[in-house]
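*Asks:* If you count the sequence shown from 1, you need to add 725 to reach the numbering used here. Below: one structure in structure tokens.
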Amino acid sequence: MSSASKPGAQSGNSMIPFIDLKTQYERLQPNIERRISKVLSEAHFILGPEVTELEERLADYCGVAHAISVANGTDALKIALLAEGIGPGDAVFVPSFTFVATAEVVADIGASPVFVDILDDGYGMDLDDLVRRLDQTKRDGALRPRAVIAVDLFGLPVDYDRLEEIAETYGLLLIADAAQSFGATRNGRRVGGLAPVTTTSFYPSKPLGCYGDGGCIFTEDEERASVMRTIARHGFSADGRNTLYVGLNSRLDTVQATILLEKLTVFDEELDARDRIAQDYTARLQNKIVTPRVPQSSTSAWALYSILVEDRTKVMTALADGGISAGIYYGRPLHLQDAYGKYGQGSGSLPVTERVSEKILSIPMHPYLEQETIEYICQTLLETQV
Ligand SMILES: *Cc1c(COP(=O)(O)O)cnc(C)c1O
């Protein structure tokens, strides 16, 4: 048990939330309700004007020419692959240490995910390992390398400069899975403009979340944008009388778009708050615990604040006893899961991924964490570690 006392304990014994969407809602409630009632009274529920307005705002925000809103972050990835004509016989290189959607979309369209290890510094794709696996795949000759999906895990952009060189050398489409990093930057450029195609998610707990499912795709390339938009709307031609591609029904609805428009008004402020909180955590924990490192050239969107601990069970028990929520992202790498094992090479094939997945632990992170709560969480952690 912790000797520190839990802030707000006298007001009941509820847990300190991992992500606090209620406090944000209380702050934005009048504006969000006003905006939603406007959508309800205008009854333009599918592809209403707010959807176009949001797409314009998001493209501006990222500094890219095109933003295509879709139903969720998984569809965004799938549409990006379909627009490139990827399918059976093709290899798409993905991390194994990620949310399942990154590999799911590849298998779903009949292509083969090839798993790549991560760096233990930042948890992004290990680009030396990527090159090794690309060469291996080419030597084997069974699959044609077509794309690489890099994941900005926990909110930190990967090394897109080197990745883009590799993608060019091997003739691959580079897709940034920025579901966790919307709002982050690298060398002064925002996520969305760091790769030829970037996808994101507006799932409620992501840095920019709506109140249901939502997603978006970003690109500079007008031709590609048009193909992706067409695929997301059933593949219909502009006059609606023909279908140009086998597409899907993937739209962001107007209610979600209007919620996102309102949330965008405070998004930068929230990103700053996340960054301040992360720096506070790091300053308090770094001498005793492995904390996340953000390179000088980058900022993180801090979707999650994740630490490495030796005895995770013990730490999680201490946090739970102290009324602190925590989460494991991700405890079982994809290449060791039943559905994806056949695409990988089993235990021992991705050593860093496997080691990190045993030690990773995420602690509460959201823009409304209070100073005394941060102090209490850190004190509880430090008392458990020693
Ligand atoms: C959340 C997430 C997705 C999928 O987004 P959905 O909107 O839930 O479909 C894809 N990749 C990563 C890395 C994610 O964290």
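Just so it is clear, CB atoms sit at the ideal spot from N, CA and C, and this is done for glycine as well.
#1: Return the first residue and the last residue of the beta strand (DSSP E) that residue 742 is part of.
#2: Cβ-heavy atom distance between residue 886 and ligand 1 below 7 Å?
#3: Taking 8 Å as the cut-off, decide whether the C-beta atoms of residue 775 and residue 764 are in contact.
#4: First and last residue of the beta strand (DSSP E) that includes residue 925?
#5: Starting from the Cα of residue 826, find the closest Cα among 1055, 779, 1103 and give me that residue.
#6: Could you tell me the distance, in whole angstroms, from the CA atom of residue 726 to the CA atom of residue 927?
#7: What is the C-beta distance between residue 879 and residue 996, in whole angstroms, given that I count them as a contact (C-beta under 8 Å)?
#8: So who's on the other strand from residue 828, going by DSSP bridges?
#9: Please classify residue 816 as buried or exposed, where buried requires at least 16 other C-beta atoms within 10 Å of its C-beta.
#10: Is the stretch 783–799 in contact with the stretch 842–859, if contact means three or more CB pairs nearer than 8 Å?
#11: If we ignore side chains and look at the alpha-carbon of each, how far apart do residue 739 and residue 1048 end up?
#12: What separation, rounded to the nearest whole angstrom, lies between the Cα atoms of residue 781 and residue 947?
#13: Going by beta-carbon coordinates alone, are residue 820 and residue 1050 separated by less than 8 Å?
#14: So for residue 864, helix, strand or coil by DSSP?
#15: With DSSP as the reference, label residue 974 as helix, strand or coil.
#16: So, with DSSP's three-state summary, where would you put residue 1090?
#17: Kindly examine ligand 1 and report whether one of its heavy atoms sits closer than 7 Å to the Cβ of residue 978.
#18: On the CB-based measure, 16 or more other CB atoms within 10 Å of its CB, does residue 1058 come out buried or exposed?
#19: Quick check on residue 822: buried or exposed, where buried means 16 or more other Cβ atoms within 10 Å of its Cβ?
#20: May I ask you to report which of helix, strand or coil DSSP gives residue 938?
#21: Measuring CB to CB, does residue 802 end up less than 8 Å from residue 744?
#22: For residue 815, which three-state DSSP category applies?
#23: Give me the Cα-Cα distance between residue 731 and residue 1106, rounded to the nearest whole angstrom.
#24: Considering only their Cβ atoms, is the gap separating residue 1069 from residue 1060 smaller than 8 Å?
#25: If you draw a straight line from the alpha carbon of residue 989 to that of residue 753, how long is it in whole angstroms?
#26: Am I right that residue 830 and residue 806 are in contact with their C-beta atoms under 8 Å? What's the rounded C-beta distance?
*Replies:* In this structure, then:
#1: First-last for residue 742: undefined, no H or E at that position.
#2: no
#3: yes
#4: 922–926
#5: 1055
#6: At residue 726 the pLDDT is 49, less than 50, meaning the model places this residue with poor confidence and gives no usable figure here.
#7: So it is not a contact: roughly 14 Å between Cβ atoms.
#8: Residue 828 is not bridged to any residue.
#9: buried
#10: no
#11: 7 Å
#12: 14 Å
#13: no
#14: helix
#15: strand
#16: coil
#17: no
#18: buried
#19: buried
#20: coil
#21: no
#22: strand
#23: 13 Å
#24: yes
#25: 11 Å
#26: 6 Å
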